[in-house]
Amino acid sequence: MAEIKIENLKKSYGPVDVLKGIDLDIKQGEFIVFVGPSGCGKSTLLRCISGLEEITSGDLMIGGQRMNDVAPSKRGIAMVFQTYALYPHMTVYGNISFGLEMMGLSKAEIDKRVQAAADKLQLTDYLKRLPKNLSGGQRQRVAIGRAIVRDPKVFLFDEPLSNLDAALRVHMRIEIAQLSRDLPDTTMIYVTHDQVEAMTLADRIVVLSAGHVEQFGSPMELYDNPASLFVAGFIGSPKMNFVEGEAAKAVGAHTMGIRPEHIDASLEGKPTDMSFEGTIAFSEVLGSDTFAHVDTTNAGRMIARLPGNLMPKAGDKIWLTPRQGDIHRFDANGKPIGRLTSAA
Ligand code: ADP
Ligand code: MG
Numbered sequence: 321m322a323e324i325k326i327e328n329l330k331k332s333y334g335p336v337d338v339l340k341g342i343d344l345d346i347k348q349g350e351f352i353v354f355v356g357p358s359g360c361g362k363s364t365l366l367r368c369i370s371g372l373e374e375i376t377s378g379d380l381m382i383g384g385q386r387m388n389d390v391a392p393s394k395r396g397i398a399m400v401f402q403t404y405a406l407y408p409h410m411t412v413y414g415n416i417s418f419g420l421e422m423m424g425l426s427k428a429e430i431d432k433r434v435q436a437a438a439d440k441l442q443l444t445d446y447l448k449r450l451p452k453n454l455s456g457g458q459r460q461r462v463a464i465g466r467a468i469v470r471d472p473k474v475f476l477f478d479e480p481l482s483n484l485d486a487a488l489r490v491h492m493r494i495e496i497a498q499l500s501r502d503l504p505d506t507t508m509i510y511v512t513h514d515q516v517e518a519m520t521l522a523d524r525i526v527v528l529s530a531g532h533v534e535q536f537g538s539p540m541e542l543y544d545n546p547a548s549l550f551v552a553g554f555i556g557s558p559k560m561n562f563v564e565g566e567a568a569k570a571v572g573a574h575t576m577g578i579r580p581e582h583i584d585a586s587l588e589g590k591p592t593d594m595s596f597e598g599t600i601a602f603s604e605v606l607g608s609d610t611f612a613h614v615d616t617t618n619a620g621r622m623i624a625r626l627p628g629n630l631m632p633k634a635g636d637k638i639w640l641t642p643r644q645g646d647i648h649r650f651d652a653n654g655k656p657i658g659r660l661t662s663a664a
């Protein structure tokens with residue numbers, strides 16, 4: 321069994337508290353994503369789970385066993401990093417099988433595992449190549465293969481796609497999702513600062529901020545019911561618009577949160593009293609959508625997602641009308657106080 325229980329886990333480097341009491345209950349086979357801004361402690365938490373970092377206080381349980389003082393190699397964990405550190409003088413086969421030789425498995429068993437991993441990762445035709453003759457995505461697949469063959473109970477990934485170009489990232493993201501479907505009993509924890517990766521890969525997302533858990537929930541829970549302004553601003557792309565002042569007061573909030581996709585735009589006059597008047601600063605035309613960056617007269621810069629057939633130009637007038645039931649409201653502490661259900 322590979323459920324992971326983390327209780328009041330703290331990690332300090334000297335006087336600096338990096339993780340400030342983390343509690344997490346992760347089920348066997350779940351795909352968990354740690355997301356949060358750079359420096360919030362994602363890698364540190366992952367390294368505490370793997371055993372590469374010592375835990376300052378609190379408990380880490382894997383499969384019901386306390387792991388705080390268990391050596392990394394005895395935790396049943398495999399880790400894939402951003403830099404894949406393949407052995408340059410070894411073939412793909414050699415790189416994938418290396419750890420197994422160290423484990424003292426028979427040649428036949430090693431070969432069976434390498435072939436199975438290569439098949440899963442579409443590396444069968446490349447087993448005799450050296451890493452320098454592979455693309456970035458293939459190299460990353462070799463790094464994943466090296467981890468898979470050890471048959472880990474828990475798979476840890478630290479920003480494994482950060483070094484790849486945009487198209488390859490999307491491709492590998494889908495492969496990793498497929499891999500987790502192929503290994504339903506393997507618990508996976510995946511670190512990223514990319515909220516699109518988090519939304520698309522995770523069964524549940526842990527949003528970290530400054531060493532504590534802001535929210536732990538399914539992607540749609542985080543999107544629909546963010547537990548704080550921080551989560552609201554972090555999940556969703558483009559990011560949620562925040563409006564303070566008179567307009568927010570009018571709906572009984574300190575801060576009103578409006579997602580770009582929850583705005584109706586009009587280029588021909590003010591539709592309702594709730595509409596914000598503004599001028600297009602610039603439009604990002606994507607074909608499928610247009611993201612209009614609007615300088616409003618009383619709510620600052622807002623972004624609205626428009627249908628792709630609307631392509632207003634810089635300087636054009638525009639009126640933005642948030643859809644009522646989708647308006648998030650937050651108090652002065654950034655805590656949610658519910659959606660706007662009827663006109664206040
Ligand atoms: P993330 O992966 O979310 O970007 P990290 O877990 O790498 O963040 O780092 C969290 C914080 O811990 C950062 O402020 C970083 O400077 C600090 N930190 C990480 N490793 C060490 C270390 N070995 N010694 C001192 N501080 C560290
Ligand atoms: Mg990191």
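Numbering (our numbering), first residue to last: 321 to 664.
Cβ atoms here follow ideal geometry from the backbone N, Cα and C, with glycine treated the same way.
Nothing here was measured: the structure is a model prediction, and the numbers come from that model.
- Screening all residues for a C-beta within a distance smaller than 5 Å of any heavy atom in the ligand ADP leaves Tyr333, Val338, Ser358, Gly359, Cys360, Gly361, Lys362, Ser363 and Thr364, in chain order.
- Under the 10 Å beta carbon count, Pro642 is surrounded by 16 or more other beta carbons and is classified as buried.
- Val353 is not a Cβ neighbour of Pro480, given a cutoff of 8 Å.
- Residue pairing by DSSP places Gln535 opposite Val527 in a beta bridge.
- When secondary structure is reduced to three states using DSSP, Asn561 falls in the strand class.
- Per the DSSP secondary-structure output, Gly598 pairs in a beta bridge with Thr616 and Ile638.
- In terms of Cβ geometry, Met576 and Arg649 form a close pair [threshold 8 Å].
- Bridge pairing for Ser332: Asp337 [DSSP].
- Under the criterion of beta carbons closer than 8 Å, Leu484 and Val462 do not qualify as touching, at roughly 14 Å.
- Restricted to the segment 412 to 446, the alpha helix (DSSP H) segments that are unbroken, complete and at least 4 residues in length are 412 to 423 and 427 to 440, listed in chain order.
- The continuous beta strand (DSSP E) containing Thr512 extends over residues Thr507 to Thr512.
- For the 8 Å CB-CB criterion, Thr599 and Lys637 form a contact.
- In the DSSP assignment, Leu499 falls within the alpha helix (DSSP H) that extends over Ala486 to Asp502.
- A residue is called buried when at least 16 other Cβ atoms come within 10 angstroms of its Cβ; Gln460 meets this threshold and is buried.
- Residue side-chain check: Val526 keeps its Cβ at 7 Å or more from all non-hydrogen atoms of the ligand MG.
- A straight-line Cα-Cα distance of about 29 Å links Ser417 and Met381.
- If you draw a straight line from the Cα of Gly531 to the Cα of Leu339, it comes to about 4 Å.
- By the neighbour-count definition (other C-beta atoms within 10 Å, threshold 16), Ala428 is an exposed residue.
- Within the segment 331 to 409, the complete beta strand (DSSP E) runs of at least 3 residues fall at 336 to 346, 351 to 355, 377 to 382 and 397 to 400.
- Apart from sequence neighbours up to five positions away, the residues of its chain that approach Ile509 with a beta-carbon distance below 6 Å are Ile352 and Leu476, ordered along the chain.
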